[in-house]
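What follows is a set of notes on a single structure, which appears directly below.
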């Protein structure tokens, strides 16, 4: 019992500690593809450190929502981390609290508060970005639902620990059409939800073209650091769900000892690194879509997820 | 063959069929003419893979023959023929317009694919245990989606590809129903397909020469009738 709580806390610490590293490595690799040197992979940590030591300026006309939102955005991914397999393949102490659908709702709550906060300050760019994020969000929502329903249809459960066993025993299940198509649909979702390139440009500095970034334009100091860190952790959590539950359920700790769990850490990070390479390839070879083409991109994701479902039904 | 291997082969075949369905959706929605052709090539390759896997599963030499014929005729000869006979303008234009916008077309295509379930499952049940995997319903879905492509496209090359995609769908259903079709039939169908490509390509070339465009959807009225109408108006 005691050690299960400890491992659960260890999962949270892993996510908190390595989420900035993931975005640092991703940024560095993208710059290297463009024949530039790019910032150090530890730059996100330095940014966070700097922001935590800066003064925070809050508009007098903003309400409590603006002050409260960074904490929601920061805590939501941590809460989801308690529910999903990050390091271990067996459920930990808090895993009973919710399934994948519950995790999705908690992340949606953070997005909801971020939208409210962006509208709250009356900065003209905040609401533009917020409404665009909502547009992407409501187009992504049906895909999320169909993906989770197909998962529960195939695996008989939405609890991530049960789902991940389904794909590897027997190994033939890994090549089931529903599995591969689900992975494709979820990959498109990660690109949309993480604000990656065919949908949004994470390195853009032009306010009118921003989608995801503009929500935190008004924040400074500690609030901005929390928003940034929360966004990085959300991305990390999405990657964990994608890699540990759907794509490669290997490399997680099956044993109960501390050594097993610590060994899982580099393996999981290695999986994430491999996925980042794929992501860099996607981001470097595609151009950002025009705003109204995003509906077509997510329409394709929707069709892929429904194809996964009907392929399963067609099996007879 | 052990049970695990058979299960693996059946799942791989189902995967090829699932990706086949995805390419059929892609052909409905793809904007670029060149992208349409690429998707068609991918679809034909997946068809060949499915035929080869089913050949392995049922130990049938004929299905290997089908795979080989598909591998040579569609991904290699069809693009080559099109490049020879169709006007180059077809490839250089990026945007190809449709009757419906893309999300609407995709939603209707989804409804068609789900409808294929009700046509395909009774058929697969009637064939009995020799039909494995989702080949029959997905083949029928491919057929319907090809027909749908024919109705929503206004450009010559995607229209032709919709026609060929219909044939691909019928093939995908066929290989899981009839494992030992005579080789002669397969060859006849493959040659037929190539002749269709050739004739349509020449036709498109003639149309492009006469009218100056390959957007055949805009050719809605006969020229003499249109001329007479303008005379009457004058």
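Protein chains in written order, with my numbering: chain E, 1 to 316; chain R, 1001 to 1234.
Note that the Cβ used here is the ideal one computed from N, Cα and C, for glycine as well.
Whole-angstrom C-beta distance between residue j and residue i, which should lie under 8 Å
i: residue 1025 of chain R; j: residue 1157 of chain R; result: With 8 Å as the limit, residue 1025 of chain R and residue 1157 of chain R do not qualify as a contact, their Cβ atoms being about 18 Å apart.
i: residue 193 of chain E; j: residue 1103 of chain R; result: About 19 Å separates the two Cβ atoms, so there is no contact after all.
i: residue 1101 of chain R; j: residue 172 of chain E; result: Going by Cβ atoms, the distance from residue 1101 of chain R to residue 172 of chain E rounds to 40 Å, so no, they are not a contact pair.
i: residue 51 of chain E; j: residue 225 of chain E; result: 4 Å
i: residue 77 of chain E; j: residue 230 of chain E; result: 6 Å
i: residue 1150 of chain R; j: residue 1159 of chain R; result: 6 Å
i: residue 1135 of chain R; j: residue 1052 of chain R; result: Actually they do not touch by this definition, with Cβ atoms about 13 Å apart.
i: residue 1065 of chain R; j: residue 1183 of chain R; result: 5 Å
i: residue 66 of chain E; j: residue 130 of chain E; result: Contact flag wrong, Cβ pair sits at about 13 Å.
i: residue 168 of chain E; j: residue 249 of chain E; result: 5 Å
Inter-residue spacing [alpha-carbon to alpha-carbon] between residue i and residue j
i: residue 1170 of chain R; j: residue 240 of chain E; result: 41 Å
i: residue 315 of chain E; j: residue 1087 of chain R; result: 42 Å
i: residue 1036 of chain R; j: residue 264 of chain E; result: 44 Å
i: residue 161 of chain E; j: residue 244 of chain E; result: 9 Å
i: residue 16 of chain E; j: residue 102 of chain E; result: 20 Å
i: residue 1082 of chain R; j: residue 183 of chain E; result: 34 Å
i: residue 235 of chain E; j: residue 1172 of chain R; result: 40 Å
i: residue 199 of chain E; j: residue 140 of chain E; result: 12 Å
i: residue 56 of chain E; j: residue 212 of chain E; result: 21 Å
i: residue 276 of chain E; j: residue 1205 of chain R; result: 46 Å
i: residue 270 of chain E; j: residue 237 of chain E; result: 15 Å
i: residue 120 of chain E; j: residue 69 of chain E; result: 11 Å
i: residue 284 of chain E; j: residue 202 of chain E; result: 12 Å
i: residue 1210 of chain R; j: residue 1216 of chain R; result: 12 Å
Helix, strand or coil at residue i [DSSP, three-state]
i: residue 1213 of chain R; result: coil
i: residue 1153 of chain R; result: strand
i: residue 1098 of chain R; result: strand
i: residue 88 of chain E; result: strand
i: residue 27 of chain E; result: helix
i: residue 140 of chain E; result: helix
i: residue 253 of chain E; result: strand
i: residue 58 of chain E; result: coil
i: residue 1007 of chain R; result: helix
i: residue 261 of chain E; result: helix
i: residue 1221 of chain R; result: coil
i: residue 127 of chain E; result: helix
i: residue 93 of chain E; result: coil
i: residue 1083 of chain R; result: helix
i: residue 1140 of chain R; result: helix
9 Å Cβ cutoff met for residue i and residue j
i: residue 303 of chain E; j: residue 1109 of chain R; result: yes
i: residue 126 of chain E; j: residue 215 of chain E; result: yes
i: residue 268 of chain E; j: residue 252 of chain E; result: yes
i: residue 87 of chain E; j: residue 5 of chain E; result: no
i: residue 294 of chain E; j: residue 136 of chain E; result: yes
i: residue 1162 of chain R; j: residue 1147 of chain R; result: yes
i: residue 1068 of chain R; j: residue 1054 of chain R; result: no
i: residue 1071 of chain R; j: residue 1048 of chain R; result: yes
i: residue 1133 of chain R; j: residue 1029 of chain R; result: no
i: residue 307 of chain E; j: residue 1022 of chain R; result: yes
i: residue 1020 of chain R; j: residue 1179 of chain R; result: no
i: residue 188 of chain E; j: residue 27 of chain E; result: no
i: residue 175 of chain E; j: residue 1008 of chain R; result: yes
Residue i Cβ short of 8 Å to the ligand ADP heavy atom set
i: residue 113 of chain E; result: As presented, the structure is devoid of all ligands, the ligand ADP included, so that no description of it is given.
Proximal residues, the region 155 to 172 of chain E versus chain R, C-beta separation under 8 Å: 170, 171, 172
Residues, ordered as in the chain, of the region 1101 to 1119 of chain R that lie near chain E by beta-carbon distance below 7 Å: 1102, 1103, 1106, 1110, 1113, 1114, 1117
Near-chain E residues of the region 1161 to 1176 of chain R (beta-carbon distance less than 9 Å), N- to C-terminal order: none
Residues, ordered as in the chain, of the region 1135 to 1159 of chain R that lie near chain E by beta-carbon distance below 7 Å: 1137, 1138
Interfacial residues, the region 277 to 305 of chain E to chain R, with Cβ spacing under 8 Å: 295, 296, 299, 300, 302, 303, 304
Within 9 Å of chain R by C-beta, residues of the region 177 to 206 of chain E in sequence order: 177, 178, 179, 180, 181, 184
Residues in the region 1181 to 1193 of chain R having any Cβ partner in chain E nearer than 9 Å: none
Interface residues of the region 1035 to 1057 of chain R facing chain E [CB-CB below 7 Å]: none
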